[in-house]
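Student: Counted from 1, the sequence shown has number 264 at position 192 by this note's numbering; the numbering is strictly sequential.
Backbone N, C-alpha and C define an ideal beta-carbon position, used for all residues, glycine too.
Structure provided below as structure tokens; questions to follow.
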Amino acid sequence: MMQKLLILWDIDGTILQSGRAGMKALQAALQDVFGVSGSFEGIEFAGRTDPWIIRQIFSRFGIENTKENAERYIDGYVSALPGVLGQSGTRILPGVSEILGRAAAHPGVVQGLLTGNLRRGAQAKLGFHGLWEYFPIGAFADDSESRNELGPHVLRRARGHWGIEFTGDRTWVVGDTPHDIACARAFGARAMAVATGGSKAAELAAFNPDAVLESLGDTEAFWRAVGA
Ligand SMILES: [Mg+2]
């Protein structure tokens, strides 16, 4: 029996460039829900989970970090996202559509999401580009505020969906930041770093991923790296 590979995708900076839609939607929601506006400068977005980012924003603007405030803010964010995406210039990164399509048709490959986005945010961003259907499973920021805790959630869902116990050496995490590499290591998965987000290839290489690519535009390099 052929052993399948599980490919797990980060979204922002890896599958797509969001045109800072997430940040703009968080800014719009801050105004709509709390009547507050101001700069997010200095708050780290890349590689972080949405709940982590929201906690930094609450702290910056003196909003009490209660479950109720977080839920109201998230509702506002998800509502603002489609409109913001329409004006953001978001685009799918080179090579990604081809790789997703080939993976979907490949008998030896299955794929899912491993993202710091909340599930509803991920669906809005990917759905905007018609890519949501590629991912029958995923782990999201709803599962944990800490990206490094997401691995077991996605493996559990993969087992439930495909009936396969994926080992670390059959699992790849594809992402654009050192946080994605750390997240892969945290559950023994392989890490593929792509320099299409905030980090340069040399910066990513310093964190010792199993593969580093300048972009996914060289789709053959991607398939060579994962060995499928
Ligand atoms: Mg990313």
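If residue 146 and residue 190 are in contact, beta carbons under 8 Å, what's the gap, nearest whole angstrom?
Tutor: So it is a contact: roughly 6 Å between Cβ atoms.
Student: Please state the DSSP three-state secondary structure of residue 284.
Tutor: Strand at residue 284.
Student: Taking Cβ positions, are residue 253 and residue 265 nearer each other than 8 Å?
Tutor: Contact: yes.
Student: Between the stretch 182-199 and the stretch 207-220, are three or more C-beta pairs nearer than 8 Å?
Tutor: The stretch 182-199 vs the stretch 207-220: in contact.
Student: How would you call residue 122, buried or exposed, if buried means at least 16 neighbouring beta carbons within 10 angstroms?
Tutor: Its Cβ being crowded by 16 or more others within 10 Å, residue 122 is buried.
Student: Hey, would you say residue 74 sits closer than 8 Å to residue 235, going by beta carbons?
Tutor: No; because the gap between Cβ atoms is not below 8 Å, this pair is not in contact.
Student: Does the Cβ of residue 262 have 16 or more other Cβ atoms within 10 Å, making it buried, or fewer, making it exposed?
Tutor: By the neighbour-count rule (16 or more Cβ atoms within 10 Å), residue 262 is buried.
Student: Would you mind working out which of 221, 198 and 289 sits nearest residue 93, comparing C-alpha positions?
Tutor: Selected option, being the one with the closest Cα: 198.
Student: Thinking C-beta only, is residue 271 closer than 8 Å to residue 248?
Tutor: Yes, they are a contact pair.
Student: Identify every run of the alpha helix (DSSP H) within the stretch 88-167, keeping only runs that are complete inside it and at least 4 residues long; order them along the chain.
Tutor: List check, alpha helix (DSSP H) in window: 93-106, 122-133 and 139-160.
Student: Note down the Cα distance separating residue 228 from residue 76, rounded to an integer number of angstroms.
Tutor: Between residue 228 and residue 76, the C-alpha separation is close to 16 Å.
Student: Does the distance from the C-beta atom of residue 99 to that of residue 115 stay below 8 Å?
Tutor: No, Cβ-Cβ distance for residue 99 and residue 115 is not below 8 Å.
Student: Give a yes or no on whether the C-beta atoms belonging to residue 119 and residue 219 are separated by under 8 Å.
Tutor: Yes, they are a contact pair.
Student: Can you tell me the Cα-Cα spacing of residue 258 and residue 238, whole angstroms?
Tutor: Straight-line Cα distance between these residues: approximately 15 Å.
Student: Start and end of the alpha helix (DSSP H) containing residue 199?
Tutor: Start and end: 191-200.
Student: Would the C-beta of residue 84 count as close to ligand 1, meaning under 7 Å from any of its heavy atoms?
Tutor: Flag set: Cβ of residue 84 near ligand 1.
Student: If you draw a straight line from the alpha carbon of residue 221 to that of residue 245, how long is it in whole angstroms?
Tutor: If I take the Cα positions, the gap works out to 14 Å.
Student: Which residue or residues does DSSP assign as beta-bridge partners of residue 74?
Tutor: Answer is none; residue 74 lacks a bridge partner.
Student: Any heavy atom of ligand 1 closer than 7 Å to the beta-carbon of residue 268?
Tutor: Not under cutoff, so the answer is no.
Student: Output yes or no for whether 8 Å exceeds the beta carbon distance between residue 167 and residue 294.
Tutor: Cβ distance < 8 Å, so residue 167 and residue 294 count as in contact.
Student: Tell me the DSSP secondary structure of residue 185 in three-state form.
Tutor: Three-state result, residue 185: strand.
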